[in-house]
Each structure stands twice: as C-alpha cells, then as structure tokens.
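Protein chains in written order, with my numbering: chain A, 1 to 116; chain B, 1 to 118.
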C-alpha cells in the first residue's frame with residue numbers, strides 16, 4: 001500500500017520569507033509519479049507539478065522549486081519570497097499504476113498562511 | 001490541459017433526498033474516472049473508480065448502495081448520493097486521467113461539488 005505523509009499541518013510565515021513544505025512517501029512500485037497541488041479557499045485543485053520516479057532532477061518554476069530525493073523518499077516543495085496569494089492548502093500526492101491508469105493517494109495537506 | 005467539469009458546483013438538499021453529481025471530460029475521452037470526497041480541513045479520499053461500460057470499483061468502507069456510480073459514456077460519470085444525511089455533507093471531486101508525456105499519468109480534476117445536507 002502506498003502512503004503520503006505531510007507532517008506539517010499548518011505553517012505561518014511573514015510575506016517575503018521562504019518556506020519549505022515537506023512530503024515523504026511510501027510505495028513498493030518502481031514506477032510512480034509524485035504531484036503537488038494547491039487548494040485555495042475556493043476548493044478547486046490547482047496542479048503545480050508532476051514528477052516521475054526516474055527523474056530526480058530538481059525543478060524550479062518561478063518562485064517555486066521542488067527537491068526530489070529517492071534515497072529518503074521525499075519530495076519537498078519550496079516557495080521563495082512568499083506572497084499572500086500563496087496562502088492555501090498544499091497537497092502532495094503519489095500515484096500508482098492501476099490497469100494502465102494512475103490511482104492517486106493524497107497526503108493530509110499543509111495549510112500555509114502568509115501574513116502580510 | 002484537458003478540462004473536467006462538474007455539475008452542480010453547490011447543492012443544498014433535505015435529509016432523505018437523493019442528489020446526482022455529474023462529472024464530464026470536456027475535450028477528451030475518459031474510460032476511467034475517479035471520485036473523491038473531502039471533509040472540512042481533511043484530505044481527499046478516494047471513494048471509487050468509475051469504469052465506462054462496467055461496474056464501479058469502490059474503496060473499502062464506501063457503501064455501494066449509498067453512492068451509486070454510473071459511467072454512461074466516454075465523457076460522463078455520475079455520482080448519486082442516495083437518501084442523503086447530514087454526515088454526507090462534503091466536497092466531492094472527480095478526476096479523469098489524461099495523456100501527458102505519452103502516458104496516462106496526469107489526473108485532471110473537476111472543480112468540485114459542495115454538498116450540504118440539512
């Protein structure tokens with residue numbers, strides 16, 4: 001069975017601070033995908049990134065960056081120079097193959113509050 | 001990217017009534033769709049996998065007779081909450097896998113339906 005752990009339930013930072021959201025996963029699959037989603041108060045999930053298990057390259061997209069470490073089964077997400085608009089719940093997720101399609105397991109989420 | 005819609009976005013009903021939620025893939029076909037439920041301040045929990053032309057697969061603990069799923073076409077799956085009760089009040093989200101990077105490894109999520117049962 002697969003599992004995703006986001007140990008940080010809530011984080012508060014002051015605007016312009018950097019913040020890292022932790023994600024640790026468990027899976028027996030050798031091929032899997034990891035995701036990060038943002039869920040603002042409106043509820044709609046916003047896709048941020050997908051990473052496959054064979055690609056350990058870190059990625060940067062604007063103020064967002066991701067650190068994938070297979071050795072520690074972690075996929076951490078860093079927001080640089082945080083802004084109030086970054087306030088949301090962030091979910092890390094893991095997908096496994098299911099008859100050719102991906103079944104997604106979500107972590108419990110980290111609520112980020114950026115204080116102006 | 002591909003778009004998944006849900007209807008209605010919000011519904012309020014009386015206890016004991018049934019509510020139908022639609023999930024549509026607008027610009028792609030989806031033989032499989034997933035239904036999630038999210039209680040306030042909690043994570044998304046997979047309820048069931050909807051399969052076009054065959055029975056849905058339910059996760060452990062989800063009542064098949066209470067949450068009826070019909071995947072009538074390649075672009076439409078419906079979730080009917082039968083005899084809804086206040087404890088069924090939740091945010092229901094559907095998703096459909098789509099092509100990304102040559103594999104069906106991208107999940108496209110609908111905007112969600114907020115159900116409130118009085």
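Think of the CB as a built atom: it goes at the ideal place given N, C-alpha and C, for glycine as much as any other residue.
Would you list the one or two residues that DSSP bridges to residue 96/B? The residue you call residue 96/B lines up with position 96 of the second chain. Per DSSP, 108/B.
Quick check on this structure: which residue in 32/B, 19/B and 61/B has the alpha carbon closest to the alpha carbon of residue 55/B? The sequence position of residue 55/B within the second chain is 55, counting from 1. Ranking the options by Cα distance to residue 55/B, first place goes to 32/B.
Do residue 43/B and residue 108/A have their C-beta atoms within less than 7 Å of each other? Here residue 43/B is taken as the residue at index 43 of the second chain, counted from 1. Here residue 108/A is taken as the residue at index 108 of the first chain, counted from 1. Yes; because the gap between Cβ atoms is below 7 Å, this pair is in contact.
Comparing the C-beta of residue 108/A with each C-beta of chain B, is any distance below 7 Å? If you number the first chain from 1, residue 108/A lands on position 108. Under the Cβ distance rule, residue 108/A counts among the residues neighbouring chain B, one pair being separated by less than 7 Å.
Residue 89/B - containing beta strand (DSSP E), residue span: If you number the second chain from 1, residue 89/B lands on position 89. Where residue 89/B is concerned, there is no enclosing beta strand (DSSP E), given that its DSSP letter is neither H nor E.
Any chain B beta carbon closer than 7 Å to residue 62/A: As a working mapping, residue 62/A is identified with position 62 in the first chain. Taking Cβ atoms only, chain B never reaches closer than 7 Å to residue 62/A, which makes this a no.
Whether residue 118/B touches residue 41/B by CB criterion (7 Å): The residue labelled residue 118/B in the question sits at position 118 within the second chain. The residue labelled residue 41/B in the question sits at position 41 within the second chain. No.
Would you mind telling me which residues of chain A sit closer than 8 Å to residue 86/B, beta carbon to beta carbon, in chain order? Along the second chain, read from residue 1 onward, the residue named residue 86/B stands at position 86. In chain A, no part has a C-beta under 8 Å from the C-beta of residue 86/B; the shortest such distance is about 19 Å.
Provide the residue(s) that pair with residue 6/B in DSSP beta bridges, ordered along the chain. Numbered from its first residue, the second chain carries residue 6/B at position 6. The partner list for residue 6/B (beta bridge, DSSP) reads 23/B.
Are the segment 5-17 of chain A and the segment 30-49 of chain A touching, with three or more C-beta to C-beta distances below 8 Å? no
Relative to the alpha-carbon of residue 64/A, which residue among 54/A, 56/A, 115/A and 83/A has its alpha-carbon at the smallest distance? What you label residue 64/A is simply residue 64 of the first chain in a count that begins at 1. When each option's Cα is compared against that of residue 64/A, the closest is 83/A.
Smallest Cα separation from residue 53/A: which of 112/A, 8/A and 74/A? Along the first chain, read from residue 1 onward, the residue named residue 53/A stands at position 53. The option with the nearest alpha carbon to residue 53/A is 74/A.
Name the chain B residues that come within less than 8 Å of residue 91/A, Cβ to Cβ? Locating residue 91/A in the first chain gives position 91, where the first residue counts as 1. Within 8 Å Cβ-Cβ: 43 and 44.
Taking residue 37/B as part of the beta strand (DSSP E), name the residues at either end of that continuous run. Stepping through the second chain from its first residue, residue 37/B is reached at position 37. That run of the beta strand (DSSP E) goes 32-38.
Look at the Cβ atom of residue 116/B, then the Cβ atom of residue 12/B, and state whether they are nearer than 7 Å. As a working note, residue 116/B is residue 116 in the second chain. As a working note, residue 12/B is residue 12 in the second chain. Contact flag set, yes.
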